[in-house]
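First to last, the sequence lines map onto chains A and B.
Each residue of the first sequence is one higher than the last, beginning at 42 in the working numbering.
Each residue of the second sequence is one higher than the last, beginning at 605 in the working numbering.
Here is the structure we will look at, set down as C-alpha cells.
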Amino acid sequence: MSDVNAVSFTILLVLFILVTLIGFAAARWRRADSMQHLDEWGLGGRSFGTFVSWFLLGGDLYTAYTFIAVPALIYGVGAAGFFAVPYTIMVFPIVFVFAPRLWSVCRQHGYVTPADFVRGRYGSRGLALAVAATGILATMPYIALQLVGIESVLTVLGLGSSSNSFLKDLPLLIAFVVLAAYTFLSGLRAPALTAFVKDILIYVTVIVAIVYIPARVGGWTHIFNHAATHLASVNPKTGKPFGALITPPAGEWAYATLALGSALALFMYPHAITGVLATARRNVIRRNMAILPAYSLVLGLIALLGYMALASPAVNAGVKAGGGNAQLAVPLLFEHIFPSWFAGIGYAAIVIGALVPAAIMSIAAANLFTRNIYREFFHRGASPAQETRVAQVVSLVVKAGALVFVLALSKSFAINLQLLGGVWILQTFPSIVAGLYTRWFHRWALLAGWAAAMIWGTIVAYRQPVPGVPGSHFGTSTAVVPVLGHTAYIAVTAFVLNLVVALVLTVVFRALRLRDGADETEPADYSADPVDAPAPVPVRSAS
Amino acid sequence: MTQPSRSGRHPVITWGVVAVLLAVGVAGTLVVPLYARTAPKLGPFPFFYWYQLAWIPIVAILAFAAYLLTSRTSRGAHRSQRGRDE
Chain A
42 MSDVNAVSFT ILLVLFILVT LIGFAAARWR RADSMQHLDE WGLGGRSFGT FVSWFLLGGD
102 LYTAYTFIAV PALIYGVGAA GFFAVPYTIM VFPIVFVFAP RLWSVCRQHG YVTPADFVRG
162 RYGSRGLALA VAATGILATM PYIALQLVGI ESVLTVLGLG SSSNSFLKDL PLLIAFVVLA
222 AYTFLSGLRA PALTAFVKDI LIYVTVIVAI VYIPARVGGW THIFNHAATH LASVNPKTGK
282 PFGALITPPA GEWAYATLAL GSALALFMYP HAITGVLATA RRNVIRRNMA ILPAYSLVLG
342 LIALLGYMAL ASPAVNAGVK AGGGNAQLAV PLLFEHIFPS WFAGIGYAAI VIGALVPAAI
402 MSIAAANLFT RNIYREFFHR GASPAQETRV AQVVSLVVKA GALVFVLALS KSFAINLQLL
462 GGVWILQTFP SIVAGLYTRW FHRWALLAGW AAAMIWGTIV AYRQPVPGVP GSHFGTSTAV
522 VPVLGHTAYI AVTAFVLNLV VALVLTVVFR ALRLRDGADE TEPADYSADP VDAPAPVPVR
582 SAS
Chain B
605 MTQPSRSGRH PVITWGVVAV LLAVGVAGTL VVPLYARTAP KLGPFPFFYW YQLAWIPIVA
665 ILAFAAYLLT SRTSRGAHRS QRGRDE
C-alpha cells in the first residue's frame, strides 16, 4: 500500500473523468429544455419507462453498501453479513404492495417528496416536517457509507499513509471534494445518465470477479472451508469467535430483523421514493419488481467476495496493515488478484458506484429541505433561483454532515452507517405507508410515535459499544429487545414502539375528540392511473 | 383501502392469490431456522448460501406472476369502472 500503482490509478482516473464528462454533457444537453429544468429534473418529467426505471431503482441498491460494506461484514463476521441477500429479496414484494398507491396519489396531487404526501394526507405541517427532517438526517450516514467506500479504494491505491494524521485523512478529504464537485457540476440529471455507465462497469467487474477469482484463491471448496475455520477461531480483541459460516440460533432474530427492517426502510429514503415517482406508469413499478431481483443476485455474488478475500493471505496481510479495516478487503482483493489494468476498472466501478448514488442522495435530501422546510417555514414566496441556491448549499451541508458521521463513528464496519440511517428512516414508515391505506391514525399520534421511536432508537444505538472496545458508541445496530430477550435490529424494535404509541394515542385522541387535520386526497386517488393526462406540474421544486 | 364495490368475486380471488404470492416471497427468507444449516450442500455451497441465492429467481417469478395477475385485474376493472384497484 505504499506506492501508487500507476496503471490502476490511470485507468481509474480516465474512467472517472469520462463519467464526469458524460454527466456534464448530459446536464448541458438538457438545460436548453426550459428555465424550469429544475422541476423537470426533480422527477425527470415523470416519464421513465421500465428500462430506465430499472437502472434508476437498481441504483438505490447498488452503492458502496453492496461493494464495500456487505463484503466487509462477511469478511469480518461471516454469515451475519449475508442478511443483505434476504433484505434485497424481501424488499420487492413489500414495495410491490404499497409503491403503486404512493405513485398514484403523488401523481394526482403533484407531490414530489414523501413529506409532500404526508402534509396533504394529514394536513399537518408538523408531521411533514418530521418526515422531511428524518429523511435528511437518515441520508447523511448513508452518504457517509459512500465516502468510506471511496476512501477504501483510495487507501488501497496508496493515496494516503498512516504516518501522519493529515495524510491519514487525505483519502477521505479527496473523496469529499470529488463528490462535492461532481454534484455541483452536474446536478441530478447527470447521475441518472451516468448510472448506465456505472452499472455496466459494475456488471463487468462482478462477472469477471466471480469467474476469475475463486480459482485464483484455491476454489470454492477451499474458500468455504477456510472461512469456516477462520470464523470459528477466537478473535483476540473480543475473546469470542470471529463469527460463523452459518447463522447460529442466537443470531437468527438479528438476521431476520436486519433483513426485514432494511427492506421496509429502503423505499422510505427520499432518493428511493424519487425513483418510484419518476416512473411513467403505475404498472412500471410492479413490472420492475420482477426484474429488479437481478441486482440482488449480483449483490449476493459480491457478498461472497468477502470469503474470497478471507482465503487470500495477501489480502489478510493488507487488512492487518491497514489497521484491521475490513472495508479494504475487496479493493485489496482486486489489487492482488487482478492485473493492474483490470484492478483499475474494478476501482472505478467502486468509486463511481459510490459517487453517483451519493450525489443522488444528497440532492434528494437537499430537495426535501428546500421544498418542505425552507419554503414551508422560512420563505413561502421564494423564487426558483433562491430555491436552487438553497438546495445547492444544503446539498453541501448534507455532505458535510456525512463527513461528521464518517469521522465520529467507528469504521470497524461501515455497514453500521447505513443501518443507523435505517433506524431513523424506518420511523417515517407508519406515517407514509399506513397513510396510503387509512386515515384512521391521528396526526399527533403518528408524530408522538415517531418521536418516541426516534429518541429510543437513537439512545439504544448510541449505547452499543464497538465489539472489543468498551465505552465506545454506535458500535452495532442490534440490541437486546426488552421483554423478548432476543437480539434484534434496533430499527425494528423502535418501529414496533412507534406503532404501539401511534395506535394507543390515536384511540386516546379520538376519544378526546382532538382536532384532526384536513385530508386533501380522495380514495380514488390511490388507484388512479392517468394514461393520457399530462403529468401535473409540481408547484415548484428546487434541484 | 376500504373494499370498493367490486362486482363479482373474481378480483377478490385474484388479490388473495397475489397476497399469498407476495407473502411467500417475504417468508421464504424471513424464517431463518428454515435454512440456517450446512447440509445439504450444492457443490461446495452450504445450504445456507445456495438456499438464499435460489430465492432471488423465485421472488422474481412470484413478483412477475403477481404483476400479470394485477395488471389483468386492473385492466378489467378499468374497463367497467375507472379508478378502482386493490
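Where is the CB? At the ideal position from N, CA and C, for every residue including glycine.
Residue i (DSSP reduced to helix, strand or coil)
i        : result
B:Lys645 : coil
B:Val635 : coil
A:Phe379 : coil
A:Asn276 : strand
A:Ala423 : coil
A:Lys25  : What the structure shows of chain A is the stretch from 42 to 584, and residue 25 of chain A is not part of that stretch, so it cannot be assessed.
A:Ile66  : Going by the sequence as given, residue 66 of chain A is Ala instead of Ile. Helix.
A:Gln77  : Low confidence applies to A:Gln77: its pLDDT is 42, below 50, so where it sits in the model is not reliable, and the reading given next is rough at best. Note: A:Gln77 maps to coil in three-state DSSP.
A:Val153 : coil
A:Gly316 : helix
A:Ala140 : helix
A:Arg510 : It should be pointed out that residue 510 of chain A corresponds to Val in this sequence rather than to Arg. It is a strand residue.
A:Ala443 : helix
B:Tyr655 : helix
A:Tyr310 : coil
A:Val111 : helix
Euclidean distance between Cα positions of residue i and residue j
i        : j        : result
A:Thr562 : A:Ala185 : 36 Å
B:Ala627 : A:Pro334 : 16 Å
B:Tyr639 : A:Ala300 : 14 Å
A:Ala565 : A:Val252 : 51 Å
A:Asn46  : A:Gly347 : 23 Å
A:Val55  : A:Leu62  : 10 Å
A:Pro289 : A:Leu234 : 43 Å
A:Val48  : A:Val194 : 14 Å
A:Lys452 : A:Val247 : 25 Å
A:Gln459 : A:Val542 : 25 Å
B:Ala670 : B:Val622 : 5 Å
A:Ala216 : A:Thr196 : 11 Å
A:Ala552 : B:Val616 : 34 Å
A:Tyr336 : A:Leu555 : 47 Å
A:Pro471 : A:Val445 : 29 Å
A:Gly151 : A:Ile473 : 16 Å
A:Phe265 : B:Leu672 : 39 Å
A:His78  : A:Phe50  : Unreliable positioning characterises A:His78 in this predicted model, as indicated by a pLDDT of 43, which lies under 50. A coordinate reading is not provided.
A:Ala344 : A:Thr107 : 7 Å
A:Trp144 : A:Trp465 : 23 Å
A:Ala443 : A:Val356 : 28 Å
A:Pro425 : A:Ile401 : 20 Å
A:Ala221 : A:Gly280 : 42 Å
A:Leu198 : A:Leu369 : 10 Å
B:Ala631 : A:Leu170 : 34 Å
A:Phe383 : A:Val245 : 10 Å
A:Ala352 : A:Ile332 : 33 Å
B:Leu634 : B:Tyr653 : 14 Å
Beta-carbon contacts of residue i that lie in its chain and below 6 Å, excluding the five residues immediately before and after
i        : result
A:Val522 : Ala529, Thr534
A:Leu53  : Gly385, Tyr388, Ala389
A:Ala405 : Pro311, His312, Thr315
A:Ala423 : Arg416
A:Val435 : Ala407, Phe410
B:Arg610 : Residue confidence for B:Arg610 is low, a pLDDT of 44 falling below 50, so the modelled location carries little weight and cannot support an answer.
A:Gly462 : Ala179, Pro182, Tyr183
Cβ-heavy atom distance, residue i to the ligand NAD, below 8 Å
i        : result
A:Val159 : Questions concerning the ligand NAD fall outside what the structure shown contains, since it holds no ligand whatsoever.
Sequence-distant residues of its chain with Cβ nearer than 7 Å to residue i (five each side left out)
i        : result
A:Ile243 : Tyr103, Ala390, Gly394
A:Phe89  : Leu97, Ala319, Thr320, Ala321
A:Val397 : Gly100, Pro232, Thr235, Ala236, Lys239
B:Thr674 : Val622
A:Ala493 : Leu538, Asn539, Val542
Other residues of its chain near residue i: CB distance less than 8 Å, five sequence neighbours each side excluded
i        : result
A:Asn457 : Leu450, Ser451, Phe515, Gly516, Thr517, Ser518
A:Leu540 : Pro471, Gly490
Handout entry: Under 7 Å (Cβ pairs) to chain B, residues found in the region 310-331 of chain A
Key = So the close ones are Asn324, Arg327, Arg328, Met330, Ala331.
Problem - Interfacial residues, the region 133-162 of chain A to chain B, with Cβ spacing under 9 Å - result: Answer in chain order: Phe133, Pro134, Ile135, Phe137, Val138, Pro141, Arg142, Ser145.
Exercise for the section: Flag this pair as touching only if the region 409-424 of chain A and the region 150-157 of chain A have three or more C-beta atom pairs under 8 Å; answer yes or no. Expected result: Between the region 409-424 of chain A and the region 150-157 of chain A there are three or more inter-stretch CB-CB distances shorter than 8 Å, so the stretches are counted as touching.
Exercise for the section: Check whether the region 164-183 of chain A touches the region 480-495 of chain A, counting contact only when three or more Cβ pairs, one atom from each stretch, lie closer than 8 Å. Expected result: Touching, yes, given that three or more Cβ pairs across the two stretches are closer than 8 Å.
Exercise for the section: Select from the region 260-273 of chain A all residues with a C-beta closer than 8 Å to any C-beta belonging to chain B, and list them in chain order. Expected result: For the region 260-273 of chain A, which is checked against every Cβ of chain B, the residues closer than 8 Å are Gly260, Trp261, Thr262, Ile264, Phe265.
Practice task
Could you tell me whether the region 118-131 of chain A touches the region 336-345 of chain A, using the rule of 3 or more Cβ pairs below 8 Å?
Solution key: The region 118-131 of chain A makes contact with the region 336-345 of chain A: 3 or more CB pairs, one atom from each, lie closer than 8 Å.
Exercise for the section: Select from the region 628-645 of chain B all residues with a C-beta closer than 8 Å to any C-beta belonging to chain A, and list them in chain order. Expected result: Listed in sequence order: Gly629, Val630, Gly632, Thr633, Leu634, Val635, Val636, Pro637, Ala640, Arg641, Thr642.
Practice task
Inspect the CB distances between the region 272-291 of chain A and the region 112-119 of chain A and report whether three or more fall short of 8 Å.
Solution key: They touch, by the three-pair rule.
Practice task
Determine which residues of the region 408-421 of chain A have a Cβ less than 9 Å from any Cβ of chain B, and write them out in chain order.
Solution key: Here the close residues number zero.
Problem - Positions along the region 658-671 of chain B whose CB lies within less than 9 Å of some CB in chain A - result: Result list: Trp659, Ile660, Pro661, Ile662, Val663, Ala664, Ile665, Leu666, Ala667, Phe668, Ala669, Ala670, Tyr671.
Practice task
Could you run through the region 111-123 of chain A and flag, in chain order, every residue whose CB is less than 9 Å away from some CB of chain B?
Solution key: Within the region 111-123 of chain A, the qualifying residues are Ala120, Phe123.
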